[in-house]
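Numbering-wise, this note's numbering puts 304 at position 220 of the sequence shown, and it's gapless, one number per residue.
Since the structure comes first, as structure tokens, the remarks are kept for the end.
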Amino acid sequence: MRTRRSLRYWSCWIPFALSFLACATTDPRLAERDRALALDERANRYVAEGDYAQAEPLYQQSLAIREKGLGPGHPEVARTLYDMAWLYELKGDSAQAEQLYERSLAIYQKALGPDHSDVAILLNALAGLYKSMGNYARAEPLYERSLAIKEKALGPEHPDVAESLNQLAVLYDLKGDDARAKPLYEQSLAIREKALGPEHLDVAESLFNLARLYHLKGDYARAEPLYERSLAIREKALGPEHLDVANPLTGLGGLYKSKGDYARAELLLERSLAIREKTLGPDHPEVAAALNNVAVIYDLKGDHSRAESLYERSLAISEEALGPDHPQVADTLHNLAELYESKGDDVRAKPLFERSRAIREKALRSNR
Numbered sequence: 085m086r087t088r089r090s091l092r093y094w095s096c097w098i099p100f101a102l103s104f105l106a107c108a109t110t111d112p113r114l115a116e117r118d119r120a121l122a123l124d125e126r127a128n129r130y131v132a133e134g135d136y137a138q139a140e141p142l143y144q145q146s147l148a149i150r151e152k153g154l155g156p157g158h159p160e161v162a163r164t165l166y167d168m169a170w171l172y173e174l175k176g177d178s179a180q181a182e183q184l185y186e187r188s189l190a191i192y193q194k195a196l197g198p199d200h201s202d203v204a205i206l207l208n209a210l211a212g213l214y215k216s217m218g219n220y221a222r223a224e225p226l227y228e229r230s231l232a233i234k235e236k237a238l239g240p241e242h243p244d245v246a247e248s249l250n251q252l253a254v255l256y257d258l259k260g261d262d263a264r265a266k267p268l269y270e271q272s273l274a275i276r277e278k279a280l281g282p283e284h285l286d287v288a289e290s291l292f293n294l295a296r297l298y299h300l301k302g303d304y305a306r307a308e309p310l311y312e313r314s315l316a317i318r319e320k321a322l323g324p325e326h327l328d329v330a331n332p333l334t335g336l337g338g339l340y341k342s343k344g345d346y347a348r349a350e351l352l353l354e355r356s357l358a359i360r361e362k363t364l365g366p367d368h369p370e371v372a373a374a375l376n377n378v379a380v381i382y383d384l385k386g387d388h389s390r391a392e393s394l395y396e397r398s399l400a401i402s403e404e405a406l407g408p409d410h411p412q413v414a415d416t417l418h419n420l421a422e423l424y425e426s427k428g429d430d431v432r433a434k435p436l437f438e439r440s441r442a443i444r445e446k447a448l449r450s451n452r
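Structure representation (structure tokens):
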């Protein structure tokens with residue numbers, strides 16, 4: 085799961101310190117600004133706890149206060165829009181998240197200029213959303229622009245530059261461009277280890293992504309220790325039930341699946357599923373992906389009844405949350421079709437294969 089970087093809060097300029105003390109109690113604009121800030125902080129805590137239902141109305145109240153008091157084009161309005169967009173992204177509402185990110189980005193570009201560091205953060209956020217939607221063609225130029233802003237402002241060895249290198253590498257990886265992804269992963273990891281230390285969570289992220297690349301290339305010997313190190317860092321820093329622990333669990337589980345060790349794969353993938361269901365709720369797209377992964381193991385072990393049930397649940401969640409033409413939908417359709425084919429049920433398998441192929445062909449055309 086993606087994390088996000090914080091945007092800056094914007095302060096009102098007051099010439100003298102004592103003036104602030106006086107105005108804080110008499111100027112209703114400052115009182116309202118403080119109220120909006122308190123609402124944002126409460127909402128952020130709820131988001132961190134996974135209580136999205138409690139967070140949403142608080143963000144909406146904060147946004148209304150800021151729009152009324154500061155006008156719709158103020159950077160503090162943009163910051164609340166950014167927070168709300170992240171909330172909707174976590175809830176799986178990509179369309180609402182996209183609209184809010186774009187509005188926030190437009191405000192920041194107009195207020196701060198196109199090369200400001202906060203603009204780079206918004207570009208990253210919007211690119212990450214497009215990436216999660218499978219729209220790699222729209223994500224790539226945003227990531228590249230964000231990277232260029234950061235390198236110019238911060239220098240090539242800054243951790244924020246490593247973040248953008250990592251994100252761009254993930255995109256190339258998803259597009260199957262290993263030759264472009266690998267050096268960026270390695271560069272990002274080297275910067276992070278040097279700047280942040282070997283036990284930092286950002287290092288764990290780079291380790292995981294590099295492990296995944298080796299895994300998909302079939303280089304299991306190089307992938308496994310990277311997955312294990314990433315998992316160990318996250319468990320130590322965050323605890324064994326944290327959502328960010330689920331990714332290396334999934335990676336290791338997939339590695340053991342590839343090696344034919346289905347028993348170890350099942351344990352890890354079921355643990356990953358349990359973490360995601362507990363943290364995100366039963367109808368989140370990440371839960372759908374985790375259900376698909378566990379179903380694959382049951383399928384390989386010959387437990388077709390359990391696999392079919394999980395594939396169907398995964399498919400229903402993905403279609404509802406992501407839409408019928410998302411690449412994740414195509415993956416589950418293909419897996420379910422293969423299950424039916426293995427049972428000799430070609431009548432049910434054929435339309436699923438055809439639909440999966442059509443989705444993938446459409447995605448390839450849109451990302452050229």
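Glycine is no exception: its CB is placed at the ideal position from the N, C-alpha and C atoms.
Residue from 258, 259, 261, 250 with nearest C-alpha to residue 273: The residue labelled residue 273 in the question sits at position 189 within the sequence shown. Ranking the options by Cα distance to residue 273, first place goes to 250.
Between the C-alpha atoms of residue 327 and residue 132, what's the straight-line distance to the nearest angstrom? Here the question's residue 327 lines up with position 243 in the sequence shown. Here the question's residue 132 lines up with position 48 in the sequence shown. Approximately 11 Å between the Cα atoms of the pair.
Got a sec? Which residues, its chain only, sit under 8 Å from residue 123 by beta carbon, not counting five neighbours each side? To locate residue 123, count along the sequence shown from 1; it is residue 39. 142, 143, 145, 146, 149.
Anyone know if the C-beta pair for residue 436 and residue 420 falls short of 8 Å? By one-based count along the sequence shown, residue 436 stands at place 352. By one-based count along the sequence shown, residue 420 stands at place 336. Cβ atoms of residue 436 and residue 420: closer than 8 Å.
Between residue 176 and residue 369, is the Cβ-Cβ spacing less than 8 Å? The residue you call residue 176 lines up with position 92 of the sequence shown. The residue you call residue 369 lines up with position 285 of the sequence shown. Yes, Cβ-Cβ distance for residue 176 and residue 369 is below 8 Å.
May I ask which residues mark the beginning and end of the alpha helix (DSSP H) holding residue 252? Within the sequence shown, numbered from 1, the residue matching residue 252 stands at position 168. It spans 243-258 - the alpha helix (DSSP H) in which residue 252 sits, taken as one unbroken run.
Given residue 156 as reference, the closest of 384, 192, 281 once Cα atoms are compared: To locate residue 156, count along the sequence shown from 1; it is residue 72. Nearest of 384, 192, 281 to residue 156, Cα basis: 192.
Neighbourhood of residue 333 by C-beta, 6 Å cutoff - its chain only, sequence neighbours within 5 removed: In the sequence shown, counting from the first residue as 1, residue 333 sits at position 249. Correct list, in chain order: 352, 355, 356.
Considering only residues of the same chain and omitting the five flanking positions on each side of residue 138, which have a CB-CB separation below 7 Å? Reading the sequence shown from its first residue, position 54 is the one you call residue 138. Answer for residue 138: 130, listed in chain order.
Span separating the alpha-carbon of residue 119 from that of residue 163: Within the sequence shown, numbered from 1, the residue matching residue 119 stands at position 35. Within the sequence shown, numbered from 1, the residue matching residue 163 stands at position 79. Spanning the two alpha carbons is a distance of roughly 15 Å.
Between the alpha carbons of residue 425 and residue 245, how many angstroms are there, rounded? Counting from one through the sequence shown, the residue named residue 425 turns up at place 341. Counting from one through the sequence shown, the residue named residue 245 turns up at place 161. Each residue's Cα considered, the two are about 47 Å apart.
Is the region 426-435 touching the region 395-402, taking contact as three or more C-beta pairs under 8 Å? no
Under three-state DSSP, which class holds residue 219? In the sequence shown, residue 219 corresponds to position 135, counting from 1. Of the three classes helix, strand and coil, the one that applies to residue 219 here is coil, per DSSP.
For residue 189, which of 372, 385, 232, 208 has the nearest alpha-carbon? For the purposes of this step, residue 189 is taken as the residue at position 105 of the sequence shown. With distances taken between Cα atoms, residue 189 lies closest to 208.
Would you mind sorting residue 411 into buried or exposed? The rule is 16 or more other CB atoms within 10 Å of its CB. The sequence position of residue 411 within the sequence shown is 327, counting from 1. Classification of residue 411: buried, given that the 10 Å Cβ count is 16 or more.
Roughly how many angstroms lie between the CA atoms of residue 460 and residue 342, to the nearest whole one? Since the first residue of the chain shown is 85 and the last is 452, residue 460 is not available in this structure.
How would you write the range of the alpha helix (DSSP H) that residue 141 sits in, first residue to last? Locating residue 141 in the sequence shown gives position 57, where the first residue counts as 1. Counting along the chain, the alpha helix (DSSP H) containing residue 141 begins and ends at 136-154.
Per-residue DSSP class, three states only, for residue 388: The sequence position of residue 388 within the sequence shown is 304, counting from 1. Note: residue 388 maps to helix in three-state DSSP.
Excluding the five sequence neighbours on either side, which residues of its own chain have a C-beta within less than 8 Å of the C-beta of residue 299, listed in chain order? Start at 1 with the first residue of the sequence shown, and residue 299 comes out as number 215. Excluding residues within five positions, the ones whose Cβ falls inside 8 Å are 307, 311, 335, 338, 339, 342.
The alpha helix (DSSP H) enclosing residue 198, as first and last residue numbers: Reading the sequence shown from its first residue, position 114 is the one you call residue 198. Element bounds for residue 198: n/a, residue is neither H nor E.
Going by alpha carbons, who is nearest to residue 261 out of 271, 286, 301? If you number the sequence shown from 1, residue 261 lands on position 177. Measuring from the Cα of residue 261, the nearest candidate turns out to be 301.
contact_flag[the region 273-289, the region 229-237] where n(CB pairs < 8 Å) is 3 or more: no
Ordered along the chain, which non-local residues of its own chain (more than five positions away) have a Cβ less than 6 Å from that of residue 181? For the purposes of this step, residue 181 is taken as the residue at position 97 of the sequence shown. Correct list, in chain order: 169, 172, 173, 213.
Mind reading off the beta-carbon distance from residue 313 to residue 291? Whole number of angstroms is fine, and I expect it under 8 Å. Within the sequence shown, numbered from 1, the residue matching residue 313 stands at position 229. Within the sequence shown, numbered from 1, the residue matching residue 291 stands at position 207. The pair is a contact, with the Cβ atoms about 5 Å apart (cut-off 8 Å).
According to DSSP, is residue 118 part of a helix, a strand, or is it coil? On the sequence shown, position 34 is the one that residue 118 refers to. Note: residue 118 maps to helix in three-state DSSP.
Assign residue 374 to one of two classes, buried (16 or more other C-beta atoms within 10 Å of its C-beta) or exposed (fewer than that). Here residue 374 is taken as the residue at index 290 of the sequence shown, counted from 1. With 16 or more Cβ atoms within 10 Å of its Cβ, residue 374 is classed as buried.
For residue 107 and residue 114, I'd like the C-alpha separation in whole angstroms. Numbered from 1 along the sequence shown, position 23 holds the residue referred to as residue 107. Numbered from 1 along the sequence shown, position 30 holds the residue referred to as residue 114. With a pLDDT of only 41 at residue 107, under 50, the local geometry of the prediction cannot be trusted, and the value read off the model is given with reservation. The alpha-carbon atoms of residue 107 and residue 114 are separated by roughly 7 Å.
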